[in-house]
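Reminder that position 121 of the sequence shown reads as 120 in numbering that gives the first Met the number 0, one-by-one numbering, no gaps. The structure appears below as structure tokens.
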Amino acid sequence: MKIFLGYASEHTETAREIHGFLKTINDDVWFDKESLVGGDDWDRERAAAQQSADFVIHLISSEVFARAGVVNREIKQTLKLVEDQPIGASYVVFMRLDDLRMPAELIRFQYIDHFNDAWRDQLAQAVAKRAAQLGGVVVKVGPETTTTVTETGQSQEGKKQLARVESAVTTEFYVVSSDHIQYPSDGIYWDFVNARLASEALGGFVGAIADFKRLDEDDKRRIKEYNVPHEWGFTMQEFFRRGDLLSVRSSIYWYGGGAHPNHGITTLNFLGPDYGLCTIKDLLGHDDDKAFRLVDYCKKVLLAMFDGEGLEDFITRTFEDRKYTWNLASQFNFDERGLTINFSPYDVLPYAFGSHEVFVPWRFVDAILDERFADLESKLNGSAAVVVGSK
């Protein structure tokens with residue numbers, strides 16, 4: 000099995016460590032410091048190795064996403080290659096080198112934390128799973144249901160310790176999994192938050208199982224023939240938290256036998272006991288013109304982002320048709336810097352372009368906020384933030 004290891008230059012020593020471990024479990028690992036010889040065209044050899052790889056590992060960090068460069072080009076190329084892989088293929092793993100917030104394009108992929116003592120075991124399991132897929136080995140069906148709760152460390156505020164709830168059902172014909180975050184009970188408001196977070200994850204979880212249980216005999220025959228079970232997966236991450244203000248982003252992945260899997264992004268935003276759960280319509284006072292101003296800002300950013308790729312007409316038509324305005328703006332997150340508007344595949348661009356996000360600073364948002372939220376920015380900037388990028 001050919002493995003490609005991508006990394007940024009400042010993480011060379013970490014890459015050497017991971018490469019050394021990979022070589023103990025797989026002979027063919029492309030690592031530029033070991034795989035290239037004098038006179039090689041580095042960029043051409045790198046691109047060829049990535050294109051021919053059976054399994055790709057990218058080392059990612061806050062520094063990587065803070066600048067343009069070859070590493071980001073490699074990651075974008077991997078996201079395109081993912082779409083050409085067989086349904087259900089475990090083709091790429093992202094390894095976090097710090098506790099960064101995963102970009103929208105990546106949160107649907109399982110990742111491994113290098114700063115977790117168990118990273119070697121987790122990486123070995125990922126490699127073994129991919130090797131089994133390539134060898135046509137049927138992965139052994141696990142227990143019918145499992146649910147675990149794992150605690151994380153305390154937050155920077157020293158309170159409301161975050162917990163993760165993981166649930167899974169694996170059968171011969173379908174795999175359904177979810178993990179969502181929960182907080183210690185701290186009054187009615189946090190009970191409500193926890194209930195809403197659990198409902199977001201487990202509502203889809205139970206619904207997916209119910210749908211998959213209705214598979215007909217033709218579906219089951221195809222699944223057995225191609226060894227590609229139907230799948231639904233849900234992953235939640237804490238986008239931002241300060242006191243009672245909480246913004247959460249989730250990735251949903253599902254495959255039901257079509258030409259390709261689907262994935263999307265959903266968000267939940269809580270503004271404390273005085274406001275509770277808040278939608279974009281709440282923030283903008285249900286004002287259609289304000290919503291259009293917001294999505295028009297996003298349109299300009301996306302046009303710049305995809306400049307030269309021939310998508311100008313597609314993006315423009317989508318964003319200038321007001322029947323789509325509220326839907327385009329609906330999945331948002333907030334932090335002390337502004338709003339992040341999340342776009343799932345098909346919201347803006349064809350499926351192959353994946354998920355995207357547009358950051359909108361408070362200096363623009365303040366002018367269109369409903370007057371009830373005039374003090375929101377000051378609340379967000381009133382004390383030290385808690386930003387967690389856990390999956």
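Positions of the beta carbon are idealized from the N, C-alpha and C atoms, including for glycine. Note that the structure is predicted; figures quoted are calculated from it, not measured.
In chain order, what residues of the same chain have a beta carbon less than 6 angstroms from the beta carbon of N261, not counting five sequence neighbours either side?
W253
Could you pull the start and end residues of the beta strand (DSSP E) that A366 belongs to?
Here A366 belongs to no beta strand (DSSP E), and DSSP marks it neither H nor E.
In the DSSP assignment, what are the bridge partners of G5?
Residue pairing by DSSP places G5 opposite H57 in a beta bridge.
With T266 and V294 assumed to form a contact (beta carbons below 8 angstroms), what rounded beta-carbon distance in angstroms separates them?
That belief does not hold up - the Cβ atoms of T266 and V294 are roughly 16 angstroms apart, past 8 angstroms.
Ordered along the chain, which non-local residues of its own chain (more than five positions away) have a Cβ less than 8 angstroms from that of R321?
Counting only Cβ-Cβ distances below 8 angstroms, and skipping sequence neighbours, we find D287, F291.
CA nearest to the CA of R362, picked from L244, Y296, L58, G186:
Y296
Give me the Cα-Cα distance between L283 and L244, rounded to the nearest whole angstrom.
18 angstroms
Using the three-state DSSP reduction, which class does E335 fall into: helix, strand or coil?
coil
Report the rounded CA-to-CA distance for R195 versus S249, giving the unit in angstroms.
13 angstroms
Should V137 go down as buried or exposed, given a rule of 16 or more other Cβ atoms within 10 Å for buried?
Confidence in V137 is poor, its pLDDT being 43 and thus under 50, which makes the residue's placement unreliable; the coordinate value appears in the next sentence. Exposed, by the Cβ-count rule.
Pairwise C-alpha distance: D210 and S60:
38 angstroms
What ranges does the alpha helix (DSSP H) occupy inside the region 173-240, keeping only unbroken runs of at least 4 residues that lie completely in it?
For secondary structure counted as the alpha helix (DSSP H) over 4 or more consecutive residues, the region 173-240 holds these complete runs in sequence order: 187-211, 216-225.
I111, enclosing beta strand (DSSP E) - first and last residue:
That run of the beta strand (DSSP E) goes 110-112.
Can you tell me where the beta strand (DSSP E) holding N268 begins and where it ends?
For N268, the enclosing beta strand (DSSP E) stretches over residues 261-270.
With a CB to CB cut of under 8 angstroms and the five nearest residues on each side skipped, what residues in its chain are close to A197?
V164, H179, Q181, listed in sequence order.
Spatially closest choice to E335 from W231, S343, E376, by CA coordinates:
E376
Top-ranked residue by Cα proximity to F372, from E308, D215, K280
K280
Expressed to the nearest angstrom, what Euclidean distance is found between the alpha-carbon atoms of G19 and Y110?
20 angstroms
Closest residue to G242 among D53, Q160, A14 (Cα-Cα distance):
Q160
Whose CA, out of N193, Y225, F239, S166, lies closest to the CA of V205?
S166
Does the Cβ of L96 have 16 or more other Cβ atoms within 10 Å, making it buried, or fewer, making it exposed?
buried
Three Cβ pairs or more, each shorter than 8 angstroms: is that satisfied between the region 47-66 and the region 0-10?
yes
By Cβ distance, which residues of its chain are closer than 7 angstroms to F443, with the 5 residues on each side in sequence left out?
As shown, the chain starts at 0 and ends at 390. That puts residue 443 outside it, with no answer to give.
Return no unless some Cβ of chain B is closer than 8 angstroms to the Cβ of V364.
Among the chains of the structure shown, chain B does not appear; only one protein chain is present.
Span of the alpha helix (DSSP H) around S249
Premise fails: S249 lies in the beta strand (DSSP E), 244-254, not in any alpha helix (DSSP H).
With DSSP as the reference, label M0 as helix, strand or coil.
coil
Nearest-angstrom Cα distance between D31 and R43?
12 angstroms
Beta-carbon gap between R129 and S176 smaller than 8 angstroms:
With respect to S176, R129 sits apart: the two C-beta atoms are not nearer than 8 angstroms.
Measuring alpha carbon to alpha carbon, tell me which residue in P85, L368, V70, N268 is nearest K289.
Nearest to K289 by C-alpha distance, out of P85, L368, V70, N268, is L368.
Please name the residue or residues paired with E356 in a DSSP beta bridge.
N341
Can you tell me whether S354 is buried or exposed, with buried defined as 16 or more other CB within 10 angstroms of its CB?
buried
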